[in-house]
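If you use numbering that gives the first Met the number 0, the sequence shown corresponds to residues 0 to 136, in order. Note that the Cβ used here is the ideal one computed from N, Cα and C, for glycine as well. Some notes on the structure that comes next.
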Amino acid sequence: MPTSAPPATGGKRPESLYPDVTAWVSEHFVPMYRRTLGGEFRWCAEWWRHGEAISRLTALWFAWEAMRLQGATGMALWYRDHLDHQLPVLLGPRGPFYQCTENEHLAPHEARTVPVPAGWLAFDTSKTSPTSRPVHA
(Lines of atoms letter the chains of each structure in order from A and count residues from 1; the text may use other names and numbers.)
(Lines give C-alpha, C1' and ligand atoms only; values in the text may rest on other atoms or scores of the structure.)
Protein backbone atom coordinates (compact mmCIF):
# COMPACT_ATOMS: atom_id res chain seq x y z
CA MET A 1 0.00 0.00 0.00
CA PRO A 2 1.65 3.27 -1.04
CA THR A 3 2.18 5.94 1.55
CA SER A 4 4.05 9.17 1.31
CA ALA A 5 7.63 9.07 2.53
CA PRO A 6 8.54 10.54 5.89
CA PRO A 7 9.95 14.06 5.73
CA ALA A 8 13.64 14.29 4.90
CA THR A 9 15.57 15.12 8.04
CA GLY A 10 19.14 15.11 6.76
CA GLY A 11 19.94 12.07 8.90
CA LYS A 12 18.77 13.78 12.08
CA ARG A 13 16.02 12.40 14.25
CA PRO A 14 12.91 14.56 13.77
CA GLU A 15 12.08 16.79 16.70
CA SER A 16 9.13 15.78 18.86
CA LEU A 17 6.06 17.97 18.60
CA TYR A 18 5.62 17.69 22.38
CA PRO A 19 8.59 17.92 24.78
CA ASP A 20 7.36 15.16 27.11
CA VAL A 21 4.44 12.89 27.93
CA THR A 22 2.99 15.44 30.37
CA ALA A 23 2.63 18.04 27.62
CA TRP A 24 1.20 15.46 25.20
CA VAL A 25 -1.41 14.32 27.74
CA SER A 26 -2.52 17.82 28.75
CA GLU A 27 -2.33 19.49 25.32
CA HIS A 28 -3.36 16.63 23.03
CA PHE A 29 -4.73 13.50 24.69
CA VAL A 30 -7.19 14.99 27.21
CA PRO A 31 -8.67 17.65 24.87
CA MET A 32 -8.85 15.25 21.90
CA TYR A 33 -10.20 12.00 23.36
CA ARG A 34 -13.13 13.19 25.43
CA ARG A 35 -15.52 10.70 26.96
CA THR A 36 -18.43 11.05 29.36
CA LEU A 37 -16.86 9.93 32.61
CA GLY A 38 -18.36 7.56 35.14
CA GLY A 39 -19.64 4.06 34.53
CA GLU A 40 -17.81 2.78 31.48
CA PHE A 41 -15.05 5.43 31.38
CA ARG A 42 -12.73 6.50 34.21
CA TRP A 43 -10.13 9.23 34.40
CA CYS A 44 -7.91 10.57 37.16
CA ALA A 45 -6.72 14.18 37.06
CA GLU A 46 -3.66 12.86 38.88
CA TRP A 47 -2.97 10.32 36.13
CA TRP A 48 0.76 10.68 36.81
CA ARG A 49 0.28 8.88 40.17
CA HIS A 50 -0.59 5.65 38.32
CA GLY A 51 2.44 3.71 37.08
CA GLU A 52 0.42 1.76 34.53
CA ALA A 53 -1.09 4.97 33.15
CA ILE A 54 2.35 6.57 32.83
CA SER A 55 3.61 3.52 30.96
CA ARG A 56 0.61 3.28 28.61
CA LEU A 57 0.41 7.02 27.93
CA THR A 58 4.15 7.22 27.30
CA ALA A 59 3.93 4.32 24.85
CA LEU A 60 1.02 6.05 23.09
CA TRP A 61 2.94 9.33 22.94
CA PHE A 62 6.12 7.73 21.54
CA ALA A 63 4.10 5.89 18.88
CA TRP A 64 2.09 9.04 18.09
CA GLU A 65 5.27 11.10 17.61
CA ALA A 66 6.73 8.48 15.26
CA MET A 67 3.58 7.73 13.28
CA ARG A 68 2.51 11.34 12.73
CA LEU A 69 5.54 11.58 10.42
CA GLN A 70 4.60 8.55 8.32
CA GLY A 71 2.45 10.36 5.83
CA ALA A 72 -0.95 9.40 4.49
CA THR A 73 -1.75 6.36 6.65
CA GLY A 74 0.47 6.91 9.68
CA MET A 75 -2.20 8.29 11.98
CA ALA A 76 -4.83 5.80 10.82
CA LEU A 77 -2.44 3.01 11.76
CA TRP A 78 -1.74 4.71 15.11
CA TYR A 79 -5.45 4.74 15.89
CA ARG A 80 -5.94 1.12 14.84
CA ASP A 81 -2.78 -0.39 16.28
CA HIS A 82 -2.26 1.74 19.37
CA LEU A 83 -5.07 3.99 20.60
CA ASP A 84 -7.98 1.67 19.82
CA HIS A 85 -6.36 -1.00 22.00
CA GLN A 86 -5.02 1.21 24.81
CA LEU A 87 -7.98 3.57 25.32
CA PRO A 88 -10.49 0.98 26.61
CA VAL A 89 -7.83 -0.49 28.89
CA LEU A 90 -6.67 2.89 30.17
CA LEU A 91 -10.13 4.40 30.72
CA GLY A 92 -12.03 1.18 31.41
CA PRO A 93 -13.68 0.18 34.68
CA ARG A 94 -10.85 -2.30 35.37
CA GLY A 95 -8.03 -0.04 34.20
CA PRO A 96 -5.55 1.93 36.28
CA PHE A 97 -8.14 4.57 37.22
CA TYR A 98 -10.77 2.09 38.41
CA GLN A 99 -10.97 3.57 41.93
CA CYS A 100 -10.70 7.21 40.91
CA THR A 101 -13.21 9.80 39.82
CA GLU A 102 -12.46 12.85 37.74
CA ASN A 103 -12.24 14.85 40.98
CA GLU A 104 -10.66 12.35 43.38
CA HIS A 105 -7.51 10.26 43.22
CA LEU A 106 -7.43 7.03 45.19
CA ALA A 107 -4.16 5.15 45.41
CA PRO A 108 -4.34 2.00 43.30
CA HIS A 109 -4.32 -1.35 45.05
CA GLU A 110 -0.86 -2.83 45.05
CA ALA A 111 -0.56 -6.59 44.85
CA ARG A 112 1.59 -8.24 47.49
CA THR A 113 4.63 -10.28 46.53
CA VAL A 114 6.67 -12.85 48.40
CA PRO A 115 10.41 -13.10 47.64
CA VAL A 116 11.26 -15.99 45.31
CA PRO A 117 13.27 -18.69 47.11
CA ALA A 118 16.90 -18.95 45.97
CA GLY A 119 17.21 -21.36 43.04
CA TRP A 120 13.45 -21.60 42.49
CA LEU A 121 13.67 -20.12 39.00
CA ALA A 122 16.89 -21.87 37.97
CA PHE A 123 16.56 -23.05 34.38
CA ASP A 124 17.67 -26.46 33.15
CA THR A 125 20.36 -25.38 30.67
CA SER A 126 20.70 -28.90 29.23
CA LYS A 127 17.52 -28.23 27.25
CA THR A 128 17.72 -25.68 24.48
CA SER A 129 14.01 -25.48 23.76
CA PRO A 130 12.60 -21.97 24.16
CA THR A 131 9.70 -23.59 26.01
CA SER A 132 11.92 -25.06 28.73
CA ARG A 133 10.39 -24.51 32.14
CA PRO A 134 12.10 -23.51 35.38
CA VAL A 135 13.32 -26.35 37.54
CA HIS A 136 11.74 -25.96 40.97
CA ALA A 137 14.20 -26.67 43.75
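- Per DSSP, reduced to three states, the secondary structure at Thr100 is strand.
- Look at Gly118 here: in three-state DSSP terms it is coil, with no helix or strand label.
- According to the DSSP assignment, His84 belongs to the alpha helix (DSSP H) that extends over 83-90.
- In the DSSP assignment, Thr57 falls within the alpha helix (DSSP H) that extends over 50-66.
- The closest CA to that of Glu109, considering only Asp19, Met31, Cys43, Arg48, is found on Arg48.
- Pro92 has its alpha-carbon roughly 14 Å from the corresponding atom of Glu51.
- Val24 sits close to Leu56, with the two beta carbons spaced by under 9 Å.
- By the beta-carbon neighbour count (other beta carbons within 10 angstroms, threshold 16), Gly94 is buried.
- Apart from the 5 residues on each side of it in sequence, Leu82 sits with its Cβ closer than 7 Å to the Cβ of Leu59 in its chain, given in chain order.
- A direct Cα-to-Cα measurement between Pro30 and Ser15 gives close to 19 Å.
- In the DSSP annotation of this structure, the continuous segment of the alpha helix (DSSP H) that includes Trp77 starts and ends at 73-77.
- In the structure shown, Gly37 adopts extended strand secondary structure according to DSSP, grouped into three states.
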